[in-house]
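Inspection log for the structure reproduced underneath, given as structure tokens.
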Amino acid sequence: MPDGTPRASERSTHETHRWLALAVLLTGTLLPPLDFFIVNVALPAIRTDLRAPSDVAQLVVSVYATAYAVTLILGGRLGDLYGRKRAFVGGMLGFAVASALCGWAPSPAVLIVGRLLQGVAAAVMAPQSLASIHALFPAAEKNRALSLYGATFGLASVGGQVLGGVLVSADVLGLGWRSVFLINLPIILLAVPAALVLLRESTGERTARLDVPGALLLAAGLLALVVPLIEGREQHWPWWCVVLLIASGPLLVSFWRFERRQERLGGTPLVYPSLLKARGLQRSLSATFFFYWLAPFFLVFAVYEQVGLGHNALATGFAILPLGVGFLLGPLCSPRLARRMGARTAALGMLLEVLGALAASMLALAQAPAWLPAPLFLIGLGQGIALPALVRLNVDQVDPRWAGLAAGLVSATLQISAAVATALVGGLFFTLAPDGGGARLTQVGFAFATFTIGAALALAAALSWRQARIHG
3 MPDGTPRASE
13 RSTHETHRWL
23 ALAVLLTGTL
33 LPPLDFFIVN
43 VALPAIRTDL
53 RAPSDVAQLV
63 VSVYATAYAV
73 TLILGGRLGD
83 LYGRKRAFVG
93 GMLGFAVASA
103 LCGWAPSPAV
113 LIVGRLLQGV
123 AAAVMAPQSL
133 ASIHALFPAA
143 EKNRALSLYG
153 ATFGLASVGG
163 QVLGGVLVSA
173 DVLGLGWRSV
183 FLINLPIILL
193 AVPAALVLLR
203 ESTGERTARL
213 DVPGALLLAA
223 GLLALVVPLI
233 EGREQHWPWW
243 CVVLLIASGP
253 LLVSFWRFER
263 RQERLGGTPL
273 VYPSLLKARG
283 LQRSLSATFF
293 FYWLAPFFLV
303 FAVYEQVGLG
313 HNALATGFAI
323 LPLGVGFLLG
333 PLCSPRLARR
343 MGARTAALGM
353 LLEVLGALAA
363 SMLALAQAPA
373 WLPAPLFLIG
383 LGQGIALPAL
393 VRLNVDQVDP
403 RWAGLAAGLV
413 SATLQISAAV
423 ATALVGGLFF
433 TLAPDGGGAR
443 LTQVGFAFAT
453 FTIGAALALA
463 AALSWRQARI
473 HG
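Below, the structure is given as structure tokens:
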């Protein structure tokens, strides 16, 4: 047309293309958390088949989580610099190779190497989904897209444990536990060609170069922080955990000074310090950090159900379902709430979580577990409402060319928060409810741990509410 205005049919085609592209991107959102949850159920079978001691079985989980957390910011920047489609497809192919290595691992050592590679590949793949949503969708459609992004996390958390149990029990083709890794291959086989056809390439800084020294400094600092938090309690805090934890501070300070010098000299740092000087981004990232203190709830709830209430593993799995249902429904409510409440939607969701956590804590102390499904549903609903709104509150504060960096920052903050919260809240729980402590001590430990989680969520809600007032 002479005025350059697209025809209605062209607009409809573009809109359909966007939503099909989102379906592909959400595959990259689903796989990383799914592979975290699905393995938990398979660990006993892995230990038996590979004759692995308990500490090796724990490494199968913690190595993946550590590699994922440490490389998320780097993964986001790779998409900004070299193309988000290219990074997404490359990360997905790397995830497939790593999954095949895990699925056919002949020994615990090979399995751990495969999990390490899975974590790195996931960290390259996952931030591209969020960054591409930010770049692909106009403001009017972004809340709906982010609500589906949030629902995908709910699907991964609930579906991962259920799918893991089904696959191991069914023993498909005699593969046993190996099927929980090999199931990724057909998914990726379909997703990669679809990504090549449907995704459009987008970058942030075409002429910039990757900040390799900054990436190495950040990885060293985060490793020194995250590894002790994950392994410290399980290993009874050996000297090397303490040394690493102390060293993390100087390493991260050195990284920050290096990045400031890079930016001052006109270079392209991994993280732009000037971005993080914005009080709004600092506040929203702080809210994100305290928001994910819910992570250890799944651990303490499982122990509470089995030791505190005497339920078996199957009953425990069903007991958490109300939270999963809420987590699936919450993101579907989020767009409608966002139209009415705007940036305050995140704070509302967190307040629902606070109410649910406090109610669960009181019911545990009162020994009234029959009423627990209601607060569990409230926690899941609040988490599902808050997550997409909080993600947007963070990402909207940066220029679209740095969307990958923002996505990496948000994802890394969530992962580091999970490690810190699991160490602190888990430590509190196991101090109050030590092995052999009995049902009543476990109930009390669960009550205090859940109350602590609720307090952290209340702080996150306050920070988010304050930022929403400024953000408008």
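Just so it is clear: in the sequence shown, position 351 is 353 by this note's numbering, and no numbers are missing.
Heads up, the beta-carbon is just placed ideally off N, CA and C, and yes, glycines get one too.
Since this is a predicted model, take the numbers as computed values, not measurements.
Beta-carbon proximity of I40 to G166, cut-off 7 Å
As a position in the sequence shown, residue 40 is number 38, starting the count at 1. As a position in the sequence shown, residue 166 is number 164, starting the count at 1. A contact, by the Cβ cut-off of 7 Å.
Just to confirm my understanding: we take T7, look at its own chain, exclude 5 residues before and 5 after, and list those with CB closer than 6 Å. What are they?
Within the sequence shown, numbered from 1, the residue matching residue 7 stands at position 5. Its pLDDT being 48, under 50, T7 is placed unreliably in this model, and the coordinates cannot settle the point.
Own chain partners of R235 with C-beta closer than 8 Å, once the 5 adjacent residues on each side are dropped:
Along the sequence shown, read from residue 1 onward, the residue named residue 235 stands at position 233. Excluding residues within five positions, the ones whose Cβ falls inside 8 Å are A425, G428, G429, F432.
Given 8 Å, three or more beta-carbon pairs between the stretch 228-242 and the stretch 59-72
yes
F477 versus F320 - alpha carbon distance
Here the chain comprises residues numbered 3 to 474, so residue 477 is not present and cannot be evaluated.
Taking just the CA atoms, how far does R468 sit from S101?
Locating residue 101 in the sequence shown gives position 99, counting from the first residue. Locating residue 468 in the sequence shown gives position 466, counting from the first residue. S101 and R468: Cα-Cα distance of roughly 43 Å.
Nearest to P215 by alpha carbon, out of G116, G269, D173?
Along the sequence shown, read from residue 1 onward, the residue named residue 215 stands at position 213. Checked all of G116, G269, D173; the closest Cα to P215 is G269.
A435 burial status per 10 Å Cβ neighbour count (16 or more: buried)
Working through the sequence shown from its first residue, we reach residue 435 at position 433. A435 comes out buried.
Would you say L184 and G78 are within 7 Å of each other, going by their C-beta atoms?
Against the sequence shown, residue 184 aligns to sequence position 182. Against the sequence shown, residue 78 aligns to sequence position 76. No.
Given a cut-off of 7 Å on the beta-carbon distance, is the pair A107 and G116 in contact?
Counting from one through the sequence shown, the residue named residue 107 turns up at place 105. Counting from one through the sequence shown, the residue named residue 116 turns up at place 114. For A107 and G116, yes; Cβs fall inside 7 Å.
May I have the straight-line CA-CA distance separating A141 from R394, to the nearest angstrom?
For the purposes of this step, residue 141 is taken as the residue at position 139 of the sequence shown. For the purposes of this step, residue 394 is taken as the residue at position 392 of the sequence shown. Each residue's Cα considered, the two are about 10 Å apart.
Just how far apart, CA to CA, sit A147 and A197?
Reading the sequence shown from its first residue, position 145 is the one you call residue 147. Reading the sequence shown from its first residue, position 195 is the one you call residue 197. Cα-Cα distance, rounded: 17 Å.
When the Cα of A340 is compared with those of Q308, S149, A98, L119, which residue comes out closest?
Counting from 1 along the sequence shown, the entry for residue 340 is found at position 338. If we check each option's Cα against that of A340, S149 comes out closest.
With a 10 Å radius around its C-beta and 16 neighbouring C-beta atoms as the bar for buried, classify N396 as buried or exposed.
Along the sequence shown, read from residue 1 onward, the residue named residue 396 stands at position 394. Counting of Cβ neighbours within 10 angstroms places N396 among the buried residues, the total reaching 16 or more.
Should D37 go down as buried or exposed, given a rule of 16 or more other Cβ atoms within 10 Å for buried?
The count along the sequence shown starts at 1 and reaches residue 37 at position 35. Under this definition D37 is a buried residue.
Since G351 contacts Q385 with CB under 8 Å, what's their CB separation in whole angstroms?
Walking along the sequence shown from the start, residue 351 turns up at place 349. Walking along the sequence shown from the start, residue 385 turns up at place 383. G351 to Q385, Cβ: 7 Å. Contact.
Rounded Cβ spacing between A470 and A348 (contact assumed at less than 8 Å)
Position 468 of the sequence shown, counting from 1, holds the residue named residue 470. Position 346 of the sequence shown, counting from 1, holds the residue named residue 348. With 8 Å as the limit, A470 and A348 qualify as a contact, their Cβ atoms being about 7 Å apart.
L201 vs A359 beta-carbon contact at 7 Å:
Along the sequence shown, read from residue 1 onward, the residue named residue 201 stands at position 199. Along the sequence shown, read from residue 1 onward, the residue named residue 359 stands at position 357. Taking 7 Å as the Cβ cut-off, L201 and A359 do not qualify as a contacting pair.
Contacting residues, own chain, Cβ-Cβ under 7 Å from V327 (five flanking each side not counted):
Position 325 of the sequence shown, counted from the start, is the residue given in the question as residue 327. Taken in chain order, the residues that qualify are F379, G382.
Could you check the C-alpha separation between A457 and E203 for me, to the nearest Å?
Position 455 of the sequence shown, counting from 1, holds the residue named residue 457. Position 201 of the sequence shown, counting from 1, holds the residue named residue 203. Between A457 and E203, the C-alpha separation is close to 42 Å.
Would you identify the three-state DSSP class for N314, choosing helix, strand or coil?
Position 312 of the sequence shown holds residue 314. Here N314 sits in coil by DSSP.
Roughly how many angstroms lie between the CA atoms of S288 and V168, to the nearest whole one?
Locating residue 288 in the sequence shown gives position 286, counting from the first residue. Locating residue 168 in the sequence shown gives position 166, counting from the first residue. Rounded to whole angstroms, S288 to V168 spans 38 Å at the Cα level.
Environment of M3 [buried if 16+ CB atoms lie within 10 Å]
Reading the sequence shown from its first residue, position 1 is the one you call residue 3. Here the model assigns M3 a pLDDT of 42, short of 50, so the residue's position is not dependable, and the following value carries that caveat. Label assigned to M3: exposed.
Segments assigned alpha helix (DSSP H), at least 4 residues, entirely inside the stretch 134-194
141-172, 181-184
Quick test of the definition: if touching needs 3 or more C-beta pairs under 8 Å, does the stretch 19-33 touch the stretch 117-134?
yes
DSSP three-state call for D82: helix, strand or coil?
Along the sequence shown, read from residue 1 onward, the residue named residue 82 stands at position 80. Here D82 sits in helix by DSSP.
In the structure shown, what three-state DSSP assignment does E355 receive?
The residue labelled residue 355 in the question sits at position 353 within the sequence shown. Residue state, collapsed to three classes: helix.
So is Q445 buried or exposed if we call it buried at 16+ other beta carbons inside 10 Å?
Sequence index remark: in the sequence shown, residue 445 carries index 443 (1-based). Buried, by the Cβ-count rule.
For P110 and D398, the rounded distance between their alpha carbons:
For the purposes of this step, residue 398 is taken as residue 396 along the sequence shown, with counting starting at 1. For the purposes of this step, residue 110 is taken as residue 108 along the sequence shown, with counting starting at 1. Near 43 Å, if we compare the C-alpha coordinates of P110 and D398.
In terms of alpha-carbon separation, which member of V255, A193, F155 lies closest to G332?
Position 330 of the sequence shown, counted from the start, is the residue given in the question as residue 332. Answer by Cα proximity: F155.
Measuring alpha carbon to alpha carbon, tell me which residue in I135, L353, I48 is nearest W21.
Stepping through the sequence shown from its first residue, residue 21 is reached at position 19. Nearest of I135, L353, I48 to W21, Cα basis: I135.
Apart from the five residues on each side of it in sequence, which residues of its chain come closer than 7 Å, Cβ to Cβ, to A372?
Within the sequence shown, the letter at position 370 stands for residue 372. Correct list: empty, nothing qualifies.
Could you check which residue in I418, L354, P195 has the C-alpha nearest to that of S250?
Taking the first residue of the sequence shown as 1, we reach residue 250 at position 248. When I418, L354, P195 are compared, the shortest CA-CA separation from S250 is found for I418.
Since G312 contacts F448 with CB under 8 Å, what's their CB separation in whole angstroms?
Walking along the sequence shown from the start, residue 312 turns up at place 310. Walking along the sequence shown from the start, residue 448 turns up at place 446. Their Cβ separation, rounded to whole angstroms, is 14 Å, which puts G312 and F448 out of contact at 8 Å.
What is the rounded straight-line gap between the Cα of L267 and the Cα of Y84?
Position 265 of the sequence shown, counted from the first residue, corresponds to residue 267. Position 82 of the sequence shown, counted from the first residue, corresponds to residue 84. Going by the C-alpha atoms only, they are around 22 Å apart.
At the level of alpha carbons, what is the spacing between L334 and A153?
Reading the sequence shown from its first residue, position 332 is the one you call residue 334. Reading the sequence shown from its first residue, position 151 is the one you call residue 153. Near 7 Å, if we compare the C-alpha coordinates of A153 and L334.
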